[in-house]
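Note that the protein sequences, when read in sequence, are chains A and B. Residue numbers for the first sequence follow my numbering, so the first one is 1 and each next one is one higher. Residue numbers for the second sequence follow my numbering, so the first one is 1 and each next one is one higher. Glycine included, every Cβ here is placed at the ideal spot set by N, Cα and C. Note that this is a predicted model, so its numbers are computed, not measured.
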Amino acid sequence: QVQLQESGPGLVKPSETLSLTCTVSGYSISSGYFWGWIRQPPEKGLEWIAVINHSGTTYYNPSLKSRVTISVDTSKNHFSLELTSMTAADAAVYYCARVMGGSDYYDYWGQGTLVTVSS
Amino acid sequence: QFVLTQPPSVSAAPGQTVTISCSGSSSNIGSDYVSWYQQLPGTVPKLLIFEDSKRPSGIPDRFSGSKFGTSATLGITGLQTGDEADYYCGTWDNSLSAMLFGGGTKLTVL
């Protein structure tokens with residue numbers, strides 16, 4: 001069974017950089033698929049952030065592209081997200097998920113991690 | 001503002017049928033697959049429909065998806081109180097090279 005688990009700080013100060021990692025179990029990232037990040041501000045809808053595959057091909061949300069970096073470490077079977085210059089508007093539950101490339105659907109999701117932005 | 005437009009809310013009585021629309025454009029729905037997600041209160045989004053109309057294993061056939069042109073529709077028959085959730089459509093936009101999600105539709109089963 002494919003499982004994804006987000007890890008990272010629950011609290012980030014304004015202007016700082018958020019770093020999150022998604023550890024995958026039950027499936028080798030090197031075997032294929034894309035892997036992505038989605039966030040959901042409190043009481044709001046889903047916002048797509050970025051995706052990456054095992055070879056490092058990336059796609060980013062145009063509105064976040066200048067602040068976001070997604071990376072993959074196949075040796076550790078995890079992928080990561082960095083979001084710079086955090087503001088209150090970036091407070092959200094951050095989900096990682098497995099993505100079927102080409103068909104672009106998200107079939108396995110992590111439990112999500114709540115990130116608060118406050119000094 | 002979401003590029004994929006969904007009604008904010010829909011409601012129906014138990015046992016009835018409801019449809020949720022998702023409207024896009026030729027660069028997204030019109031040229032790529034649509035997926036649908038169900039998010040029960042306080043839970044993680046769950047894949048409901050992929051590739052416009054296919055159901056993952058374990059999803060009951062009360063849930064169906066269809067697409068025509070630049071619009072997609074999620075249908076739910078035999079509504080149950082347990083279907084109360086937020087529903088999101090998603091698709092790739094070939095002009096933006098980005099994934100899009102609709103704004104979400106809150107389903108209330110009266």
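- Contact of B/E51 with chain A is assigned, a C-beta pair being separated by under 8 Å.
- In the three-state DSSP reduction, B/A12 falls in the strand class (E or B).
- Not a single C-beta of chain A is nearer than 8 Å to the C-beta of B/F63.
- Between B/W92 and the set B/P45, B/L107, B/T81, B/S31, the nearest pair of CA atoms involves B/S31.
- In this model, A/Q1 and A/S25 are separated by some 8 Å (Cα to Cα).
- A/E43 places its beta carbon 8 Å or farther from that of A/C22.
- With contacts defined by Cβ atoms closer than 8 Å, A/L4 and A/A97 form a contacting pair.
- With a threshold of 8 Å between beta carbons, B/G30 makes no contact with chain A.
- The Cβ-Cβ distance between B/G75 and B/G15 does not fall below 8 Å.
- Within the same chain, and ignoring the five residues on either side of B/D52 in sequence, the residues whose Cβ sits closer than 6 Å to its Cβ are Y33, V34, G65, K67.
- Counting only residues of its own chain and dropping the five nearest sequence neighbours on each side, A/S71 has a CB closer than 6 Å to the CB of S80.
- Not a single unbroken stretch of the alpha helix (DSSP H) spanning 4 or more residues falls wholly within the region 10 to 97 of chain B.
- Taking 8 Å as the cut-off, the Cβ atoms of A/P62 and B/L4 do not count as close.
- DSSP, reduced to helix, strand and coil, places A/A91 outside both helices and strands of the structure shown, so it counts as coil.
- If you check the CB distance, B/S9 and B/T70 do not come in under 8 Å.
- Taking the Cβ atoms as the reference, A/R67 lies roughly 6 Å from A/L83, within the contact range of under 8 Å.
- Cβ-Cβ distances below 6 Å link A/Q40 to L46, A92, V93 in the same chain, with the five nearest sequence neighbours on each side left out; the list follows chain order.
- Taking the Cα of B/V109 as reference, the smallest distance to any Cα among B/I49, B/N28, B/S57, B/Q80 is reached at B/Q80.
- For the 8 Å CB-CB criterion, A/Y106 and B/L107 do not form a contact.
- Within its own chain, the residues whose Cβ lies closer than 7 Å to the Cβ of B/L40, once the five positions on either side in sequence are excluded, are A85, listed in chain order.
- Residue range 105 to 109 is occupied by the beta strand (DSSP E) that includes B/K106.
- For the pair A/G8 and A/T116, the CB atoms are not nearer than the 8 Å cut-off.
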